[in-house]
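To start, the structure itself, in structure tokens.
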Amino acid sequence: MKFVHVNLDEFVSGSSELKNPEHKFWLIETDDYGSNNGLPPVVQKSIFFGREVGAADRKLLPTYQLKSRTYLGPTAMDAEMAFLMANQALATAGKLVYDPFVGTGSILVAAAHFGAMTMGADIDIRVVRDGRGPDCNVWSNFKADNNLPPWRPGLKR
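Everything in the sequence shown is counted per my numbering, starting at 4 for the first residue and increasing by one.
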């Protein structure tokens, strides 16, 4: 293994702001420590260096956590996972997000946060249509999270 010493002063000029940095750099080392039950290592030890270009907005999660919802089912998607899915779907204003297995609407609530129009269906229409009564259904999850109605004002159920 070869080690190289780099003097950062040759490349960087000026002062460093450690409390509120403009750029964050990370050095990540893979873990090859510990025993592998006598087998050869599966992955060679690697070191990665990179700049952070984005981070999660973790302030949203307490607002949308499941325990704040009025209508939950056994398959309600966790808020963090629903936001990951909405991000991967690029849910934004002007886009339509359709969930064919809507259930209690967890994924649609996350997509609606980003401004997407939402629509869903479920094999058991009673879950969507009835819920547990007029004040405890998929629509109440949107109201509980202070989102706009999934389509537009004045839309009849």
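Beta carbons: idealized from backbone N, C-alpha and C, even for Gly.
1) Gly53 to Ala115, Cα distance in whole Å?
2) Return the CA-CA distance between Pro2 and Glu55, expressed in angstroms with no decimal places.
3) Would Ile110 be called buried (16 or more neighbouring beta carbons within 10 Å of its own) or exposed?
4) Determine, using beta carbons only, whether Val100 and Ala119 come nearer to each other than 8 Å.
5) Quick one: residues in its chain with C-beta nearer than 6 Å to the C-beta of Val15, no 5 flanking neighbours on either side, listed in chain order?
6) Measuring only the C-alpha atoms, how far is Asp246 from Phe86?
7) Under 8 Å, do Asp138 and Gly123 count as touching if we go by C-beta distance?
8) Measure how close the beta-carbons of Leu69 and Ala79 come, nearest whole angstrom, since I'm counting them as under 8 Å.
9) Leaving out five residues before and five after Asn150 in sequence, what residues of the same chain have Cβ atoms less than 6 Å from its Cβ?
10) Using CA atoms only, rank isn't needed, just tell me which of Ile31, Gln91, Ser19 is closest to Lys48.
11) Distance, Cα to Cα, Glu20 vs Leu63?
12) Only counting the same chain, and skipping five residues up and downstream in sequence, which positions put a Cβ closer than 6 Å to that of Lys27?
13) Which value, in whole angstroms, describes the spacing of the CA atoms of Asn39 and Val45?
14) In whole angstroms, give me the CA-to-CA distance for Ala82 and Asp12.
On the basis of the supplied data:
1) Cα to Cα, Gly53 sits roughly 33 Å from Ala115.
2) What is shown of the chain runs 4 to 160, which leaves residue 2 out entirely.
3) So Ile110 ends up on the buried side.
4) Cβ atoms of Val100 and Ala119: closer than 8 Å.
5) Cβ within range, chain order: n/a, list empty.
6) Residue 246 cannot be examined here, being either before or after the span of the chain that is shown, 4 to 160.
7) With contacts defined by Cβ atoms closer than 8 Å, Asp138 and Gly123 do not form a contacting pair.
8) Right, their Cβ atoms sit about 6 Å apart.
9) With a pLDDT of only 49 at Asn150, under 50, the local geometry of the prediction cannot be trusted, and the value read off the model is given with reservation. Cβ neighbours of Asn150 beyond the five flanking positions: Ala115.
10) From the listed residues Ile31, Gln91, Ser19, the smallest Cα separation to Lys48 is found for Ile31.
11) When rounded, the distance between both Cα atoms is 27 Å.
12) In the same chain as Lys27, and ignoring 5 residues on each side of it, the C-beta atoms closer than 6 Å to its own belong to Glu55, in chain order.
13) Rounded to the nearest angstrom, the two C-alpha atoms are 8 Å apart.
14) For Ala82 and Asp12, the gap between their C-alpha atoms comes out near 44 Å.
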